[in-house]
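In the working numbering, the protein residues as written are 2 to 158. For glycine and all other residues, C-beta sits at the position ideal for the given N, C-alpha and C. No experiment lies behind these values; they were computed from the predicted model shown.
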């Protein structure tokens, strides 16, 4: 079986989005670009599809028109080893977009992302149930997640 890939529907901004995403994530590249021709349903010369990779995951960006938009029912989770990674991805992806709660944001294209430190699972599912609840309460008050503050909440300090 071939790999399952993700197709993202844009209203005229597929090429811009692919360039934006590949500029943020390491080991990323635009693989193929197909443009509308004179007889196509889109504007001649405008990108129809852009195939790109973010790390080892393949995506297709499609300029499909205004018929569909993104919402939070689908999001991309970005695991982060440390606060520096959280800060970098948060700052890059939220630029021109909207910050939300608990590590969620929408980028300038309306795509939802979760910027999640690897440590979060340990803190929310740790053996100290009271500490886990304190960490959860701290997280609920945050937009961008702060690992040190979550750890302090878990420890009760």
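Which first and last residues belong to the alpha helix (DSSP H) in which residue i is found?
i: residue 151; result: 148-156
i: residue 21; result: 15-25
i: residue 123; result: 120-125
i: residue 144; result: Looking at the DSSP string, residue 144 is not in any alpha helix (DSSP H), and its letter there is neither H nor E.
i: residue 85; result: 84-95
Rounded to whole angstroms, what is the Cα-Cα separation between residue i and residue j?
i: residue 29; j: residue 107; result: 20 Å
i: residue 61; j: residue 128; result: 41 Å
i: residue 45; j: residue 73; result: 32 Å
i: residue 138; j: residue 118; result: 16 Å
i: residue 98; j: residue 69; result: 18 Å
i: residue 153; j: residue 26; result: 30 Å
i: residue 111; j: residue 14; result: 11 Å
i: residue 76; j: residue 91; result: 14 Å
Looking at the secondary structure, which residues open and close the beta strand (DSSP E) in which residue i lies?
i: residue 53; result: 48-55
i: residue 32; result: 30-36
i: residue 59; result: 58-64
Inspect the beta-carbon positions of residue i and residue j and report whether they are closer than 7 Å.
i: residue 32; j: residue 53; result: yes
i: residue 114; j: residue 141; result: no
i: residue 125; j: residue 133; result: yes
i: residue 59; j: residue 6; result: yes
i: residue 36; j: residue 48; result: yes
In this structure, what does DSSP give as the bridge partners for residue i?
i: residue 115; result: 78, 105
i: residue 11; result: 64
Does the contact criterion of 3 or more C-beta pairs under 8 Å hold for the region 137-155 versus the region 76-89?
yes
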